[in-house]
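The structure appears right after this line, and notes come after that.
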């Protein structure tokens, strides 16, 4: 195997480790941002939920979960291409 092939495999392994960490800890990023911005962290009634900023936290959690799913799929396809 050439040096270029080894570098591609190492880069793919690094990408896989980063994606695994994102899948594991990615949901904490929007919660941390919400906590630091003093967004509401208590449960509110529906009218207060819609008018306030609490819906942004739930939307960002959903977006981060979709990003984690996309990363898992990208790693799966990348490792499948490199398999002999």
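Numbering (our numbering), first residue to last: 247 to 330.
Where is the CB? At the ideal position from N, CA and C, for every residue including glycine.
If you're wondering where the values come from, they're calculated on a predicted model, not measured in any experiment.
Would DSSP call residue 258 helix, strand or coil?
-> As a working note, residue 258 is residue 12 in the chain shown. Under the three-state reduction of DSSP output, residue 258 falls in the helix class.
Assign residue 248 to one of three DSSP states: helix, strand, or coil.
-> Residue 248 sits at position 2 when you count from the first residue of the chain shown. Three-state result, residue 248: coil.
Since I believe residue 265 is in contact with residue 317 (beta carbons under 8 Å), could you give me their beta-carbon distance rounded to a whole number of angstroms?
-> Stepping through the chain shown from its first residue, residue 317 is reached at position 71. Stepping through the chain shown from its first residue, residue 265 is reached at position 19. Between residue 317 and residue 265, the beta carbon gap of about 4 Å places them in contact (Cβ cut-off 8 Å).
Assign residue 310 to buried or exposed, taking buried as 16 or more other Cβ atoms, counted over all protein chains shown, within 10 Å of its Cβ.
-> To locate residue 310, count along the chain shown from 1; it is residue 64. By the 10 Å Cβ count, residue 310 comes out buried.
Pick out whichever of 250, 328, 301 has its Cα sitting closest to the Cα of residue 276.
-> Residue numbering aside, residue 276 sits at position 30 when the chain shown is read from its first letter. Of the candidates 250, 328, 301, the one whose C-alpha sits nearest the C-alpha of residue 276 is 301.
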